Amino acid sequence: MKTSISMIFLVLLLGGCSKQSAAEREALDKAKPGYQVARNFCSQCHTLPFADQHPPAAWPYVVSRMESYMEAAHRRMPNSSEREAIIGYFQSK
Ligand code: HEC
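When you number the sequence shown by the working numbering, it's gap-free, plus one each residue, and the end is 105.
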């Protein structure tokens with residue numbers, strides 16, 4: 013009996029953790045430094061990607077590839093400090 017009650021709690025607990033709503037996730041992302049800069053530049057062509065789409069080490073390459081698209085499309089390009097802020101935003105959890 014005791015075991016089944018703890019199992020129920022465990023299931024509720026795990027279920028609760030994975031059910032982070034889109035709104036909660038957005039609020040957390042907005043609180044991270046660099047959000048505004050990343051949003052300004054990265055949503056010129058598509059929605060702002062989620063940071064967990066790539067491992068931290070991959071983001072500088074993704075951003076470089078995107079910069080070549082920005083250049084080709086004559087979009088606004090980040091300067092070096094903006095670029096750092098963008099990469100920092102995607103690399104932070
Ligand atoms: C000039 C338009 C443009 C801008 C601005 C832009 N992107 Fe993209 N992005 C694209 C295109 C086109 C694709 C699809 C082709 C591809 O994946 O190379 C894409 C796809 C992506 C993908 C999905 C593919 C993958 O590698 O995971 C990610 C993530 C991404 N962009 C991140 C970013 C980030 C971060 C920024 C801001 C620094 C950004 N993009 C700004 C054009 C843009």
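Quick reminder that beta carbons are idealized off the backbone N, C-alpha and C, glycines included.
Note that this is a predicted model, so its numbers are computed, not measured.
{"Asked": "Confirm the yes/no value for this check: CB of residue 81, any heavy atom of the ligand HEM, distance under 7 angstroms.", "Found": "For the structure depicted, the ligand HEM is absent and the ligand set comprises only the ligand HEC."}
{"Asked": "Do you know whose CA, among 101, 86 and 58, lies nearest residue 70's CA?", "Found": "101"}
{"Asked": "Candidates 93, 57 and 49: which alpha carbon is nearest residue 78's?", "Found": "57"}
{"Asked": "Residue 85 by DSSP, collapsed to three states: which one?", "Found": "coil"}
{"Asked": "What number of angstroms, rounded off, separates the C-alpha of residue 74 from the C-alpha of residue 93?", "Found": "17 angstroms"}
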